[in-house]
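To keep things clear, I will list the structure first and then write my remarks on it.
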Amino acid sequence: MKGGHATVANGCALAHSFKPMNTRILMSLVPLAFALRSLAAEPLSDDAQPLAARITEVTVYADRAQVVRQAPAQLAPGTSRYAFAKLPGWIDEGSVRVTLAPASAGKILDVQVRRTFLAKPTDDEFLKAEAAVREISDEVAALDDEKSVLDAQTKHVDAIRMFSLEKFPKDAAAREVKPQEYSAAVEFIAESLRKTAAARRELEKKRRNLQPELQARQRRAEELRQRSQLEQRTVIVTVHSAAAAAATLTLSSMLPGATWEPVHELRASNGVTNLALTSYGTVTQSTGEDWTGVTLALSTQRSTETMKIPELHGLLLGNSRAAVRAVNRIDTFQDANRNWFAQNGFFFNSANPDAAQQREYADNQKLMLGQSLVASAAFEHLQQRGTSAHFTAVGGQTIRADGRPVRAPIGAAELGAKRHIVAAPELSLNAAHTADLANTGKQPLLPGKVALYIDGAFLGLTETDFVAPGESFDVFLGVADQIKLSRVVDPKRSEYYRSGTRTRMKVAYVLTVENLADKPATVQLADRIPVSEVEEVRVSSVKTTPEVKADIKGLLRWAVALGPKQTKEYRIEYTLEYPADLPQRADPKKPSAPGSTLHFESDLKLQIRSLEDVLKK
């Protein structure tokens with residue numbers, strides 16, 4: 217026993233905690249998986265009492281959710297059976313866990329998962345729907361038969377008409393034909409055609425009136441036919457109690473059709489040092505059940521790792537005679553996932569006949585599946601860093617099973633910030649406001665999109681990487697539009713010439729930083745010079761004004777203090793010597809041996825080509 221709960225996992229008693237981070241499985245689930253597969257689609261046993269269960273807790277992973285539902289049970293003395301009925305047909309049967317609380321109320325003897333269906337072909341409702349379709353179909357068939365009779369009658373009258381047209385000239389030549397005779401024949405033919413046309417119109421009218429009803433009845437029958445193929449699951453729990461007692465049965469299971477992604481909001485005010493950072497989990501689910509007022513948790517952990525004991529194996533190199541014990545593990549979640557793909561859309565459509573809703577649901581599912589892949593890759597990267605994160609959403613959450621994303625708050629913090637204006641005119645002529653922050657909270661900051669708000673105005677989206685508690689990071693706070701930048705080549709101090717197989721280039725840049733505002737500003741200005749790590753490329757005569765020393769990567773940095781409306785100028789000069797064919801060389805895919813063709817960064821080649829184009833003019 218643990219925590220005052222008696223727990224059974226798929227028919228076997230074990231100790232279990234519902235917290236995914238602490239789960240320990242003390243037995244192999246393989247024999248049970250075979251047992252579950254052998255169960256036929258059985259009706260709910262008459263002696264199993266249906267439970268009024270409610271979903272209370274949900275933990276969402278990158279590609280699935282763990283759903284916990286609770287139900288009150290009035291235990292009778294002896295052995296009783298209780299049923300969690302009408303569960304989605306795609307629950308992961310291998311993840312089913314049942315707990316009885318308080319543990320003193322009784323003991324769980326067995327847990328079975330049975331397959332049922334939403335409807336059966338023998339159900340009265342289904343038979344009535346089929347009979348209703350046949351009734352209208354018979355009426356339409358009768359109208360079609362009557363139309364065939366009218367078609368035959370029309371052909372007969374038309375034959376009489378043709379016979380009269382052929383006979384009249386012959387009679388007129390042989391004898392005197394009275395007008396009344398011809399008139400009577402014409403009137404007979406016209407009246408017959410008129411009556412036939414009227415009858416045909418009446419048939420078409422009746423057919424048009426029957427068609428919508430026929431289609432409606434056909435749709436209803438098709439819905440019931442689909443429902444007869446839609447599976448549900450029922451979990452039967454057998455409990456033994458020494459005496460009558462009030463207890464709570466808790467069922468936990470995994471199921472596909474859910475994902476989440478971290479997003480953040482960063483709010484700042486001009487003149488205020490602290491920034492407000494709020495983190496959310498955007499949850500999307502189409503599990504077939506609404507989650508109403510649940511305790512919601514979001515996890516980056518691999519959900520499969522909650523199902524096994526972490527166990528290290530030896531790292532062996534070479535031929536070892538040591539025996540290796542292999543365990544065949546059946547992944548029951550794959551079966552659940554296949555069922556979800558095959559049935560979930562039909563399940564939603566059977567409950568939501570509106571075509572527009574069905575199209576929206578299908579679109580939401582596609583987006584959710586795409587987001588699930590992104591989340592799985594991002595969370596896998598965190599696993600490689602040797603970390604995972606588990607968040608509990610603030611307050612009770614309600615998330616409908618319609619595939620629409622819902623944002624749930626998972627944390628908020630006031631962070632002290634050091635604001636800067638940074639500029640790298642080689643990359644962009646827009647200076648940027650940034651803030652240096654430290655994650656002083658207990659929770660990590662997950663990689664994701666960050667929505668920026670300054671003085672309540674939305675400025676756009678940026679992104680952040682993973683930030684551990686206590687780690688520093690910086691964020692973009694928008695364009696510093698009061699700072700004007702320029703970076704140009706000074707043609708008077710630059711030159712280019714080629715001598716044989718070598719090219720020599722002297723480059724001089726002029727950088728200007730102008731403060732357009734009426735108050736002082738400090739700009740962190742950055743630029744760079746080439747750094748050669750190979751003998752055939754040489755960088756010399758480096759000069760900067762004002763003088764600043766480059767770091768080992770060739771990066772230059774100035775702290776530029778500007779008064780109101782002030783402009784300052786900075787210069788960079790260097791000489792570059794390199795083989796004349798360097799800009800046209802193809803980058804080798806693999807590193808070369810020393811002294812052979814060398815690998816050069818493509819951005820350096822592009823920079824050399826650009827400079828050559830400028831200096832050759």
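Quick note: our numbering has the sequence shown finishing at residue 833, numbered continuously throughout. All residues carry an ideal CB built from backbone N, CA and C; glycine is no exception.
- Residue(s) in a DSSP beta bridge with Arg-423: BP columns for Arg-423 are empty, so no partner.
- Item | Touching by the beta-carbon criterion (3+ pairs, under 8 Å), the stretch 779 to 796 and the stretch 724 to 736 | yes
- Item | Other residues of its chain near Thr-511: CB distance less than 6 Å, five sequence neighbours each side excluded | Glu-273
- Considering Glu-576, what are the terminal residues of the beta strand (DSSP E) in which it resides? Here Glu-576 belongs to no beta strand (DSSP E); instead the alpha helix (DSSP H) covers 571 to 600.
- Measure the CB-CB distance between Tyr-656 and Val-666 and report whether it falls below 9 Å. The question names Tyr, yet the displayed sequence has Thr at residue 656. No, they are not a contact pair.
- Task: Return the first residue and the last residue of the alpha helix (DSSP H) that Phe-564 is part of.
- Result: 548 to 567
- State buried or exposed for Phe-674, treating a residue as buried only when at least 16 other CB atoms are found within 10 Å of its CB. exposed
- Message: Just to confirm my understanding: we take Gly-612, look at its own chain, exclude 5 residues before and 5 after, and list those with CB closer than 6 Å. What are they?
- Response: Gly-509
- Message: Quick check: the Cα distance between Ile-324 and Glu-309, rounded to an integer number of angstroms?
- Response: 18 Å
- Item | Buried or exposed by the 16-neighbour rule on C-beta atoms within 10 Å, applied to Thr-719 | buried
- Item | Closest Cα partner of Leu-303 within the set Gly-716, Arg-285 and Asp-579 | Arg-285
- Secondary structure of Ser-748, DSSP reduced to three states: coil
- Could you give the DSSP three-state label for Ser-848: helix, strand or coil? A question about residue 848 goes unanswered here, because the residues of the chain that appear run from 217 up to 833.
- Message: So, at 6 Å on beta carbons, what are the nonlocal neighbours of Gln-434 in its own chain, with the 5 sequence-adjacent residues on each side left out?
- Response: Val-349
- Query: Would you report the Cα separation of Ala-737 and Gly-602, rounded to the nearest angstrom?
  - Reply: 42 Å
- Item | Beta carbon proximity, Arg-718 to chain D, threshold 9 Å | Absent here is chain D; the protein component of the structure consists of one chain.
- Query: Between Ile-376, Glu-418 and Lys-421, which lies nearest to Ala-400 when the distance is taken from Cα to Cα?
  - Reply: Ile-376
- Item | Sheet register partners of Tyr-859 (DSSP bridge) | Nothing can be reported for residue 859, as the shown portion of the chain is limited to 217 through 833.
- Message: For Thr-836 and Gly-694, I'd like the C-alpha separation in whole angstroms.
- Response: Residue 836 lies beyond the range of the chain shown here (217 to 833); nothing can be said about it.
- Measuring CA to CA, which of Ser-757, Thr-464 and Leu-645 is closest to Ile-637? Leu-645
- Query: Between the Cα of Tyr-725 and the Cα atoms of Ala-775, Glu-687, Glu-785 and Leu-366, which residue gives the shortest distance?
  - Reply: Glu-785
- By how many angstroms is the C-alpha of Gln-800 removed from the C-alpha of Glu-576? 52 Å
- Task: With DSSP collapsed to three states, give me the class of Ser-244.
- Result: Residue placement at Ser-244 cannot be trusted, given a pLDDT of 29 that sits under 50; what the coordinates show is reported in the next sentence. Three-state result, Ser-244: coil.
- Task: Look at the alpha carbon of Trp-507 and the alpha carbon of Ser-468, and state the distance between them as a whole number of angstroms.
- Result: 14 Å
- Task: Figure out for me which residue from Ala-345, Glu-481 and Gly-770 has the closest Cα to the Cα of Glu-749.
- Result: Gly-770
- Cβ-Cβ distance between His-456 and Ser-515 below 9 Å: no
- Query: Are Val-185 and Pro-660 close, meaning C-beta to C-beta below 9 Å?
  - Reply: Given a span of 217 to 833 for the chain in the structure shown, any question on residue 185 remains unanswerable.
- Query: Using DSSP with H/G/I as helix, E/B as strand and the rest coil, what is Arg-545?
  - Reply: In this prediction, Arg-545 scores a pLDDT of 46, lower than 50, which makes its location untrustworthy; no coordinate-derived value is stated.
- Item | the stretch 494 to 507 in contact with the stretch 354 to 373 per 3-pair CB rule at 8 Å | no
- Based on Cα-Cα distance, which residue from Leu-585, Gln-587, Ala-593 and Ala-484 lies nearest to His-649? Ala-484
- Query: CA-CA distance, Asp-551 and Pro-472?
  - Reply: 10 Å
- Task: Quick one: which unbroken beta strand (DSSP E) runs of 3-plus residues sit fully inside the stretch 754 to 796? Chain order, please.
- Result: 754 to 761, 771 to 778 and 783 to 795
- Go through its chain and collect everything with a Cβ distance to Ala-594's Cβ below 7 Å, but skip five positions before and after it. Pro-663
- Task: Kindly give me the distance between the Cβ atoms of Tyr-790 and Ile-745, rounded to whole angstroms, as I take these residues to be in contact under 8 Å.
- Result: 5 Å
- Query: In whole angstroms, what separates the C-alpha of Leu-366 from that of Thr-412?
  - Reply: 6 Å
- Report the three-state DSSP secondary structure of Val-402 (helix, strand or coil). helix
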